Amino acid sequence: MLLKFSLNVLISLLLITGINAQDSLANKKPPIIPINEAIEKGMLELKICGAYDPRFFYEVLDREGVHYGKCMAIVLKSNIDSFVLLKLDCGTMLIPTDSSVQEMLVTHNAEFPLYPGETYSTRFYAMCAQLHNKAPNIETTFRIGEMADSSLLSLACYIDANYIQNMLGQHAVWAFYGSGRFRGFKTLRCR
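Per our numbering, the very first residue in the sequence shown carries number -12; after that it's consecutive.
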């Protein structure tokens, strides 16, 4: 009888310990790492390119994202054995490998999951920054550049905060980036 009671207590303690361990793992949030830091540490391989595929006909050209919207694609391949989230900040500049293609401005904060040993791909929000150069497509690769200067960063944050991921926002970026800096935007701040 005492043996049976001791066995029940032991099983109960093991179950409670197991449940508590599962709860603590489920509530644990993965670390959020800036994407540039992850690249420097060799945590991943990545490819960034335009999302537009010129082989397909689009009735409405920018509906699928050529100049703005989710017009950039990213492919991440993990080189690590733990799960992390990668952060790409609004206002980050993307620099094309082809100088005839426009630089791109990230217009929405993004977090990408990086699972151990897996590959992940998705699209993210950006806008073309140079009206005089070509729009990106799937053949155009980019590297992650620096943050935009404070004025252009303020504009990107304004576009993000007010969800102006459309032609109006795109033209604001082209006008702002191409013709000097509008004084009015210098007072805007990111939230």
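All C-beta atoms, glycine included, are put in the ideal place defined by N, C-alpha and C. Treat the numbers as computed from the prediction; the structure is a model and nothing was measured.
Rounded to whole angstroms, what is the Cα-Cα separation between residue i and residue j?
i	j	result
L92	R42	25 Å
T94	I26	21 Å
L81	P21	15 Å
F99	K16	14 Å
K74	L142	20 Å
Y145	P18	27 Å
N96	L31	19 Å
S108	N124	16 Å
L155	D68	43 Å
C58	M114	8 Å
S11	A122	Reliability of the predicted coordinates at S11 is poor, the pLDDT of 48 falling under 50, and the value obtained from them is presented with this limitation in mind. Whole-angstrom Cα-Cα distance: 47 Å.
I151	F111	14 Å
A185	A148	Lying before the first or after the last residue shown, residue 185 is absent from the chain, which here runs from -12 to 178.
A135	L72	23 Å
T106	K28	17 Å
G56	S87	21 Å
Y102	N153	32 Å
E24	D76	12 Å
By DSSP, does residue i sit in helix, in strand, or in coil?
i	result
S11	Unreliable placement is indicated for S11, whose pLDDT of 48 sits below 50; no coordinate value is reported for it.
G37	strand
L118	coil
M134	strand
I151	coil
F163	helix
Which partner residues does residue i have in the DSSP bridge list?
i	result
S108	V62
I125	Note: I125 sits in no beta bridge, so no partner.
I26	DSSP lists no partner for I26.
P18	Answer is none; P18 lacks a bridge partner.
A113	V93
L31	S65
Using a Cβ-based criterion (distance less than 8 Å to any ligand heavy atom), does residue i qualify as near the ligand HEM?
i	result
T128	Of the ligands one can find in the structure shown there are none, so the ligand HEM has no counterpart to examine.
For the region 49 to 106, which segments carrying the beta strand (DSSP E) assignment without a break, of at least 3 residues, lie completely within its bounds, in sequence order? 59 to 65, 71 to 75, 79 to 83, 91 to 93 and 97 to 101
Counting pairs of Cβ atoms below 8 Å between the region 32 to 40 and the region 126 to 140, do you hit three or more? yes
So, do the region 62 to 79 and the region 156 to 164 have three or more beta carbon pairs nearer to each other than 8 Å? no
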